[in-house]
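> Residue numbers -23 to -1, 1 to 560, in mature numbering (1 follows the signal peptide of the UniProt record, and there is no 0), belong to the letters of the sequence shown in order.
Glycine included, every Cβ here is placed at the ideal spot set by N, Cα and C.
Being a predicted model, the structure only gives us computed values, none of them experimental.
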Amino acid sequence: MGSSWKATFSIVLLYLFVSKCCGSEYGGSQMGTLRVDASESSGQLIPQTFFGIFFEAGGPNIPSNIAPWGIIGKESSVIVSTDRSSCFERNKIALKMEVLCDSKGANSCPSEGVGIYNPGFWGMNIEQGKQYKVALYVRSSGSINVSIELKASNWLQKLAATNIIASASEVSDWKKIEVVLEAKGSDSNSSLHLTTTSKGVIWFDQVSVMPLDTYKGHGFRTDLIEMMADLKPRFFRFPGGCFVEGEWLRNAFRWKETIGPWEERPGHFGDVWMYWTDDGMGYFEFLQLAEDLGTLPIWVFNNGISHQDEVDTSSVLPFEALDGIEFARGEANSTWGAVRFAMGHPEPFDLRYLDHPADLYDYHVYTSSSDMFSRGRHFDSASRSGPKAFVSEYAVTGKDAGQGSFLAALGEAGFLIGLEKNSDAIDMVSYAPLFVNTNDRRFFTESSGATLHKTTLQMNSYNSIAESAISWKSSEDDKTYLRIKIVNYGAETVNIIISVDGLDPNSVKLSGSTKTVLTSKNLMDENSFKEPNKIVPTQSLLETDGGDMEVVLPPHSITSFDLLKETSSIKIAGADSIARSSM
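In structure tokens form, the structure reads like this:
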């Protein structure tokens, strides 16, 4: 911090709790103070890798009924089965489609054809004007004429379509076919259809539909990954905890089976969350995603334990982990570095951290919103001389969570403020169910590497208040701010008078400062694909008209005050008060 911070100063927040009646939660109006010591000597640096993300979600409400291929046509016209005829040695299952009807004659196929369809993961989101690559492997005992269609949810509208035509000699052995379709319409619940009107036997394998427009061209959905990037995570923990262990070791995550051509990956049954994964999102893809996000990867590897069984330490195979490190960090001419090179990444990945065993020596918590809020004080009395904690998994779950409710965000925000204030006892923090409501995290995107200021709250009852203060430098305007964050978990409005004392006259410019509030009338409100901006932070400028700054914290709210540290009319302690702002 600059020379203007050499003087010790305090920010005093006077809390005036407005009660609706004498029998309210607070028993009438109360007054309190929050002192922020923003002096240079008392500032504490928050670790650069403090806030991160964790790529796992799960629980009893996670759907496991992902429908596979369905049949188009009557049983008298088409028979669909599987056999072990695939050309991929580690992935031998292929789909066999025997068409009994024909293009003409008494046993003619229906005009729309017969075949198979796949809805993807609860429907494919096809958008008008965008291009999609369909890739598949096919072979047949005769010539083929197969229609490839992306259809809307009503099955009547063709969003995109083409045909693949091949002679018997061309498809007598497995042949890879790729086509690009441009959507002529939109539907968030679309499906892929493969149909024909010609009699014969056709085998299909490794069928995929991918948008051409992906994040940095690496196959990730741009909209989702941009949301991740907006969180500005400093690290990325993957691929999971329980997911890595498995309920039983036979279903553990084996990294070597998740690399190489995706068609060769055998996949495995995730028996903790009860679904099959093809491991198309494998070790390489996780490392690539961390690099694309500009964040540090933390690889969680299995060390011989699962939920129900374990192996002797002599059987853990430590070289599995060492090989994984070489795959990520080794030179292109090393054994496993060469495999990475062959996958299109000659330079090593920046792998610095390993996590094992995943769920034994970390701190993770899944609980209700109110309990999560109260756990913000968990590390207040933690030792500062021993190893630092890794809060590797946290989330509000159960009835409070919904699909990412505001109530969950409120409890988690209070929890994060507590962790931020104890950053001298904590090295890293990562949220677990990643793709949920992210608004509670936007208030913490600048915390990693910031300077934490000591706060002292004095009032009769403050069980519903969590607060912290940091100094941080904006990457957008290259200016330094003092940020005061306050979570009001209670049901009452809180009036605050903010008095700033001890500042250099040129250290804060309120005219360039902002107030950001996140709140909602219904605690169970949540954002969705239909209403992505139902709950969003609102930002306003701090207007100045002399005197103290009077602000209001709405019930159940998260409020952030960002004070721009530049030239202003603020006086040194003992001089006239700062400019007044009524909020």
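(1) Who are Phe45's beta bridge partners in DSSP?
(2) From Asn279, Phe356, Asp182 and Ser163, pick the residue whose C-alpha is nearest to that of Ser62; which is it?
(3) Scan the segment 364 to 401 and note each continuous alpha helix (DSSP H) run of 4 residues or more that stays entirely inside, going in chain order.
(4) Over what stretch of residues does the beta strand (DSSP E) that includes Leu495 continue unbroken?
(5) With burial defined as no fewer than 16 other Cβ atoms inside 10 Å of the residue's Cβ, what is the status of Leu541: buried or exposed?
(6) In whole angstroms, give me the CA-to-CA distance for Glu147 and Lys153.
(7) So for Ser292, helix, strand or coil by DSSP?
(8) Do the segment 274 to 294 and the segment 100 to 108 meet, that is, are 3 or more Cβ pairs less than 8 Å apart?
(9) In terms of DSSP beta bridges, what is Phe181 paired with?
(10) Would you grab the beta carbon distance between Asn465 and Leu530 for me? Rounded to a whole angstrom, and I think it's under 8 Å.
(11) Go ahead and pull the three-state DSSP assignment for Met187.
(12) With distances taken Cα to Cα, identify the nearest neighbour of Gln108 among Asn131, Leu136, Ser291 and Ile463.
(13) Report all residues from its chain with a CB closer than 6 Å to the CB of Lys193; omit the five preceding and five following residues, and keep chain order.
(14) Could you tell me the boundaries of the alpha helix (DSSP H) in which Tyr260 lies?
(15) Starting from Val316, trace the alpha helix (DSSP H) both ways and give me its first and last residue.
(16) Compute the Euclidean distance between the alpha carbons of Val55 and His245, then round it to the nearest angstrom.
(17) At the level of alpha carbons, what is the spacing between Val115 and Lys81?
(18) Let me check understanding here. Comparing Cα to Cα, which of Ser292, Ala390 and Ser407 lies closest to Asp332?
(19) Are the CB atoms of Thr199 and Val91 nearer to each other than 8 Å?
(20) Since Asn122 contacts Ile142 with CB under 8 Å, what's their CB separation in whole angstroms?
(21) Give, in chain order, every unbroken run of the beta strand (DSSP E) that is at least 3 residues long and sits entirely within the segment 112 to 179.
(22) Let's see if you can read the secondary structure: which residues bound the alpha helix (DSSP H) around Val221?
(23) Give the C-beta separation of Ile125 and Val157 to the nearest angstrom, bearing in mind that I take them to be a contact with Cβ-Cβ under 8 Å.
(24) With distances taken Cα to Cα, identify the nearest neighbour of Ala366 among Tyr340, Phe263 and Phe383.
(25) With a threshold of 8 Å on Cβ separation, who are the neighbours of Gly196 within its own chain once the five nearest residues in sequence on each side are excluded?
(26) Between the alpha carbons of Gln285 and Gly50, how many angstroms are there, rounded?
(27) The alpha helix (DSSP H) that contains Asp255, what's its start and end?
(28) CB-CB under 6 Å to Pro325, same chain, minus the five flanking residues each way: which ones, in chain order?
(29) Within its chain, find whatever has a CB closer than 8 Å to the CB of Met501; leave out the 5 residues flanking it on each side and keep chain order.
(30) In the DSSP assignment, find the unbroken alpha helix (DSSP H) run with Leu226 in it and report its ends.
(31) Does the distance from the C-beta atom of Asn304 to that of Arg317 stay below 8 Å?
(32) Taking the beta strand (DSSP E) that Leu273 belongs to, which residues open and close that run?
(33) Suppose you measure from the CA of Asn68 to the CA of Ala309; what does that come to, to the nearest Å?
(34) Does Ser358 pass the burial test, meaning 16 or more other C-beta atoms within 10 Å, or should it be called exposed?
Taking the geometry as given:
(1) What sits at residue 45 in the sequence shown is Pro, not Phe. Pro45 pairs with nothing; no bridge assigned.
(2) Asp182
(3) 383 to 398
(4) Lys486 to Thr496
(5) buried
(6) 11 Å
(7) helix
(8) no
(9) Leu72 and Val115
(10) 4 Å
(11) strand
(12) Leu136
(13) Asp269
(14) Tyr260 to Leu270
(15) Thr312 to Ala319
(16) 30 Å
(17) 24 Å
(18) Ser407
(19) no
(20) 5 Å
(21) 121 to 128, 135 to 143, 152 to 159 and 164 to 173
(22) Cys219 to Glu222
(23) About 11 Å separates the two Cβ atoms, so there is no contact after all.
(24) Tyr340
(25) Met187 and Glu262
(26) 44 Å
(27) Element bounds for Asp255: n/a, residue is neither H nor E.
(28) Arg306
(29) Gly379, Ser382, Phe383 and Leu384
(30) Element bounds for Leu226: n/a, residue is neither H nor E.
(31) Sequence check: residue 304 is Phe here, not Asn. Result yes, Cβ atoms of Phe304 and Arg317 sit closer than 8 Å.
(32) Leu273 to Val277
(33) 27 Å
(34) exposed
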